[in-house]
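Read left to right, the sequence shown gives residues 3 to 607 (our numbering).
As structure tokens, the structure follows; a few thoughts come after it.
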Amino acid sequence: MKHDRIAVVDFGGQYAHLIATKVRRLKVLAEIRQPEDPIGMFEGYRGIILSGSPALSSHGEEQDYNKAIYDLDVPMIGFCFGHQEIAKHYGGEVVNAGQEWGPADLKIIGDSPIFDGLGPTERVWMSHNDTVASLGPDFVELGYTALGAGGREHRFAAIGSDKLRRYGFQFHPEVDDTVHGDRMIANFVLGICGCRPSWTMDAYLRQQEEKVRRQVGDRSVFLLASGGVDSTVAARVLQRALGPERLHLLHVDNGLMRKDESRKVLDLFRQWGLGEGLHFVDATGDFLSALEGVVEPERKRAVIGATFIEVFEREASRLGIEGHLLGQGTIYPDTIETGGTKRADTIKTHHNRVPVIERMIAEGRVVEPLADLYKVEVRELGEMLGIPREAIWRHPFPGPGLGVRLLCSDGEAVGDLSGISAAAASIGDRYDLDTAVLPIRSVGVKADLRSYEHPVLLSGEADWDRLVEAAGTIFKEVTGVNRAIWNLGPGSPTAFRTLAATMTRDRLDLLREADHMVMEGLKRHGLYDAIWQCPTAMVPLEVDGHGREFVIVRPIHSERAMTATPASLPPALLDELRREILALDGISGLALDLTTKPPGTIEWE
């Protein structure tokens, strides 16, 4: 059957494949195209969507793309950077101003089919530095945004020309945090473009199985299997495509696992019928030796990824299967955050995208059947394959494990924080909260670009909505900050000192205990399934002259890991965590992360 198709032009934004995924969930085939593709490659599409980008339209960046696409007689819509490019191409102006991060209220004005079935105000998701300042003659404003009651208005958040069938959204309808974004995309794809819904996950599975068989040929695959949903579903797909006799599984205990994690994973693999060809190696010594003295986040990730390959090749040699291809449960966020497309900025290098693996990919030695999918699609595929629910709905756990949750430091003092502190304090005063800019940094993402900035600690009593609003205001008004955390310890601490610390068994064991307390608390209170993921991070920070490790709990809601919102925890659970974690030897403090993604990534590194 021939399917109607939508082209998604990937300008390197984080969400290009997420756009394609959302279109596919409408049962319409979406395909990724590059901006410089010849015009002939756009033939046959019913519509075109222009993605976001880390580039600045206002500065004329990324202007070497094929602008003949604007002459095609098919509908077109742009999101963020794409929105700005459409406005500019048709006579509008784009300026470097009006930055917005996170949620905003879209006030819809006028009448356009792009907003059919939607209310006068819609909650949308922003992540941009540039903004549209004026429109060309064929376009009208369809909506503007405002932050909260009486908040600052941002014009031209939605624009359109029904005559030209050209539209633009400054916000990201493709992310789940734009509440009715799916309806907006459906209005474009099914309504304006007139596509017929005929594409299914079953069709995707058949396509991937055939792709695997073509790539592997008469060889076999050796899969790095962590026990998480991605590697487990990848194992099932490879098993279906190749047969169990041509699939070996390797579970590596890298010393960065949760408490008793490897034992549980091996038991589960056997229960799920994946025990045939299952191998295990305890490589704790290899990883801790390789990480000795390493502090910088990107370097840690590179070391962890390279050590995985060393262990993989050593075990393959020991087992006599050196010629096998490497199988990985890589999903699309791993690739895009590593800067894996031509225009994407490196947010953080995932362990399955370090240089040695990139070289293996270029040589055709890596098999990744899930590389175009997001977590929600992986889970949908896993359910279709009959994998038990407890495997499909486990909390995601990063491949580098606690290696990206245990922050390290050389102990050197950071620069002058007085300017950031004064700006944060003025916002804290509005919300009757004390603030402190911490002398540590974590990885974040702003307008599709990597940030490495400071968290702000909020102290004081406030309800959840007020805390989240205060955090959002800080992100919008204070530069140099990409996280806000709420102090769960006593009082309002004022003195902080970063300590020298690297990856050691003792620090990992302490973090394992704190993480175990959080996970057990979520299960005890019936929250494990309601919360998508809850990393526990630890940083080497002395607080008011006490302790050496500061713990941050990060419960979030998400579906695809490309965006996230903080999740509240009930007071009873917070009280339990205070008692248990603050009683651990050496703990200096405890906080709850209030940060959306963007501007903070889900993990702290």
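Cβ coordinates follow ideal geometry from the N, Cα and C atoms, glycine included.
Just so it is clear, the structure is predicted and the values come from calculations on it, not from any experiment.
Check your understanding: Sorted by chain position, which residues of the same chain lie with C-beta nearer than 6 Å to residue 622's C-beta, five sequence neighbours on each side aside?
Key -> Residue 622 cannot be examined here, being either before or after the span of the chain that is shown, 3 to 607.
Review point. Who pairs with residue 460 in a beta bridge, going by DSSP?
Key: 437, 488
Review point. Ends of the alpha helix (DSSP H) at residue 309?
Key: 299–321
Point to revise | Cα-Cα separation, residue 442 to residue 426 | key: 16 Å
Check your understanding: Would you report the Cα separation of residue 213 and residue 372, rounded to the nearest angstrom?
Key -> 11 Å
Check your understanding: Tell me which same chain residues have a C-beta within less than 6 Å of the C-beta of residue 397, skipping the five on either side of it?
Key -> 535
Check your understanding: Taking the beta strand (DSSP E) that residue 289 falls in, what are its first and last residues?
Key -> No beta strand (DSSP E) holds residue 289; the alpha helix (DSSP H) holding it covers 286–293.
Check your understanding: Thinking C-beta only, is residue 567 closer than 8 Å to residue 603?
Key -> no
Exercise for review: Let me know the secondary structure DSSP gives residue 259 once reduced to three states.
Suggested key: coil
Review point. In terms of residue numbering, what span does the beta strand (DSSP E) encompassing residue 125 cover?
Key: 123–130
Practice item. Could you spell out the range, first to last residue, of the beta strand (DSSP E) harbouring residue 105? Key: 102–110
Practice item. Kindly indicate the opening and closing residues of the beta strand (DSSP E) around residue 448. Key: 444–448
Point to revise | Host beta strand (DSSP E) of residue 136 (start-end) | key: 133–136
Exercise for review: Let me know the secondary structure DSSP gives residue 566 once reduced to three states.
Suggested key: strand
Point to revise | Endpoints, alpha helix (DSSP H) assigned at residue 239 | key: 231–244
Check your understanding: Should residue 29 and residue 199 be called a contact, given that it needs their Cβ atoms to be closer than 8 Å?
Key -> yes
Practice item. Count the C-beta pairs between the stretch 257–266 and the stretch 398–415 that are closer than 8 Å, then say yes if the count reaches three, no if not. Key: yes
**Study point:** In chain order, each beta strand (DSSP E) run of at least 3 residues that lies wholly inside the stretch 24–108
**Key:** 31–35, 49–52, 78–81, 95–97
Exercise for review: State the Cα-Cα distance for the pair residue 350 and residue 304, rounded to the nearest angstrom.
Suggested key: Legend: pLDDT at residue 350 = 48, less than 50; position of this residue unreliable, no value from coordinates given.
Check your understanding: Mind checking residue 132: buried by the 16 CB within 10 Å criterion, or exposed?
Key -> buried
Review point. Residue 148 lies in the beta strand (DSSP E); which residues open and close that run?
Key: 142–148
Practice item. Consult DSSP for residue 350 and reduce its assignment to one of helix, strand or coil. Key: Any reading at residue 350 is ruled out, since the residue's pLDDT is 48, under 50, leaving its predicted position unreliable.
Practice item. Just mark residue 151 as buried or exposed, buried being the case when its beta carbon has 16 or more other beta carbons within 10 Å. Key: For residue 151, the predicted structure reports a pLDDT of 48, less than 50, and the residue's modelled location is therefore unreliable. A value from the coordinates is still provided. Flag for residue 151 reads exposed.
Practice item. Evaluate the contact criterion for the stretch 99–119 versus the stretch 41–57: three or more CB pairs, one atom per stretch, below 8 Å. Key: no
Check your understanding: What residues in its chain sit with their C-beta under 7 Å from that of residue 265, if we drop five residues either side in the sequence?
Key -> none
Point to revise | Between the CA atoms of residue 128 and residue 105 - distance to the nearest angstrom | key: 6 Å
Check your understanding: Exposed or buried, what is residue 210 when buried is set at 16 or more other beta-carbons lying within 10 Å of its beta-carbon?
Key -> buried
Review point. Which partner residues does residue 282 have in the DSSP bridge list?
Key: 253
Review point. Should residue 500 be labelled buried (16 or more other beta-carbon atoms within 10 Å of its own) or exposed?
Key: buried
Check your understanding: Under the three-state reduction of DSSP, which class applies to residue 151: helix, strand or coil?
Key -> Here residue 151 scores only 48 on pLDDT, less than 50, and its place in the model is too uncertain to base an answer on.
Review point. Where does residue 427 fall in DSSP's three states?
Key: helix
Check your understanding: What do you get for residue 487, buried or exposed, if any count of 16 or more other CB atoms within 10 angstroms of its CB means buried?
Key -> buried
Exercise for review: Taking 8 Å as the cut-off, decide whether the C-beta atoms of residue 408 and residue 510 are in contact.
Suggested key: yes
**Study point:** Residue from 451, 286, 480, 465 with nearest C-alpha to residue 457
**Key:** 480
Exercise for review: Taking all protein chains shown into account, decide if residue 218 is buried (16 or more other Cβ within 10 angstroms of its Cβ) or exposed.
Suggested key: buried
Check your understanding: Alpha carbon to alpha carbon, how far is residue 507 from residue 547?
Key -> 24 Å
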